[in-house]
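Residue numbers (UniProt numbering): 1 to 157. Note sheet for the following structure.
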Amino acid sequence: MESPHGFRENDQQSQPGEWRVHNRIAAIMAHTTRYAFKGQVRLSRDARVSEASISRLVNGCSHPSYRLVYAVTRALEKALGRPLSPNEVVSYSGSYPTPSVCRLAGCSGCMPDAAYDGDERLRPEFRGVRPGDWSLPGSVHSANPLQASAINHKEEQ
Numbered sequence: 001m002e003s004p005h006g007f008r009e010n011d012q013q014s015q016p017g018e019w020r021v022h023n024r025i026a027a028i029m030a031h032t033t034r035y036a037f038k039g040q041v042r043l044s045r046d047a048r049v050s051e052a053s054i055s056r057l058v059n060g061c062s063h064p065s066y067r068l069v070y071a072v073t074r075a076l077e078k079a080l081g082r083p084l085s086p087n088e089v090v091s092y093s094g095s096y097p098t099p100s101v102c103r104l105a106g107c108s109g110c111m112p113d114a115a116y117d118g119d120e121r122l123r124p125e126f127r128g129v130r131p132g133d134w135s136l137p138g139s140v141h142s143a144n145p146l147q148a149s150a151i152n153h154k155e156e157q
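Rendered as structure tokens:
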């Protein structure tokens, strides 16, 4: 059975009293051309780690080692073409030194591909979300971090 956080009952993160590792790797990847297509596969190769490790990390199903976070951060840094700190990528509290991924990536404000349906219409859950605000961290965690951030923004208004 899946929890409201997108974890199955036997996942370690769903155990009471454990720290949950938050990450915004998918949002950072969305701001690169390198990881726009087959992003997790490319990131795993660039970071020289297994595809499974990247999948578990991106989907919030692991407590990553510092080595993994560092390797992923270096790969993302290279793709962005700007310095990036590991504490901008993962967090135990869900907050980051630079709240907006758009600002972190040097983007003037955008909307993720997930904001649009197959007919290029804005999805209802993104209505009222300003470009760039979708990447702000929030308190709702789902299997889709982009959607969760948009929902959090709407709830705060």
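Yeah, the Cβ is synthetic: ideal placement off N, Cα and C, and Gly gets one too. Just so we're clear, the structure is a prediction, and the values are computed from it rather than from any experiment.
Report the residue from the options whose alpha carbon sits nearest the alpha carbon of residue i.
i: ALA26; options: PHE126, ARG121, ARG123 and ALA105; result: ALA105
i: CYS61; options: VAL89, LEU68 and SER53; result: SER53
i: GLY132; options: PRO86, CYS107 and PHE37; result: CYS107
i: TYR35; options: LEU68, LEU57, VAL49 and LEU80; result: LEU80
i: VAL101; options: HIS22, ASP119, VAL21 and ALA30; result: ALA30
i: ARG67; options: VAL49, GLY109 and ARG82; result: VAL49
i: TRP134; options: GLY118, GLY109 and ASP117; result: GLY109
i: ARG103; options: ASP119, LYS78 and ARG82; result: ARG82
i: ARG45; options: GLU120, ALA71, THR33 and ILE28; result: ALA71
With 16 as the cutoff for other CB atoms within 10 Å, does residue i come out buried or exposed?
i: THR73; result: buried
i: GLY64; result: Looking at the sequence provided, one finds Pro at residue 64 rather than Gly. Under this definition PRO64 is a buried residue.
i: LEU122; result: exposed
i: VAL69; result: buried
i: PRO112; result: buried
i: ARG42; result: buried
i: PHE126; result: buried
i: SER93; result: exposed
i: residue 182; result: Coverage of the chain is limited to positions 1 through 157, which leaves residue 182 absent and any answer about it impossible.
Thinking residue i and residue j are a contact (beta carbons under 8 angstroms), I'd like their distance in whole angstroms, please.
i: ASN23; j: VAL90; result: 5 angstroms
i: VAL21; j: GLN40; result: Actually they do not touch by this definition, with Cβ atoms about 17 angstroms apart.
i: ALA75; j: ALA115; result: Going by Cβ atoms, the distance from ALA75 to ALA115 rounds to 25 angstroms, so no, they are not a contact pair.
With hydrogens ignored, establish whether the beta-carbon of residue i is closer than 6 angstroms to any heavy atom of the ligand FMN.
i: ALA36; result: No copy of the ligand FMN occurs in the structure displayed, which carries no ligand at all.
For chain D, find out if any of its Cβ atoms is closer than 7 angstroms to the Cβ of residue i; answer yes or no.
i: VAL90; result: No chain D appears in the structure shown, which is made up of a single protein chain.
* Whole alpha helix (DSSP H) elements within the stretch 38-109, 4-residue minimum -> 39-47, 51-58, 66-80 and 101-105
* For the stretch 81-100 against the stretch 35-55, are there 3 or more C-beta pairs whose distance is under 8 angstroms? -> Short answer: they don't touch.
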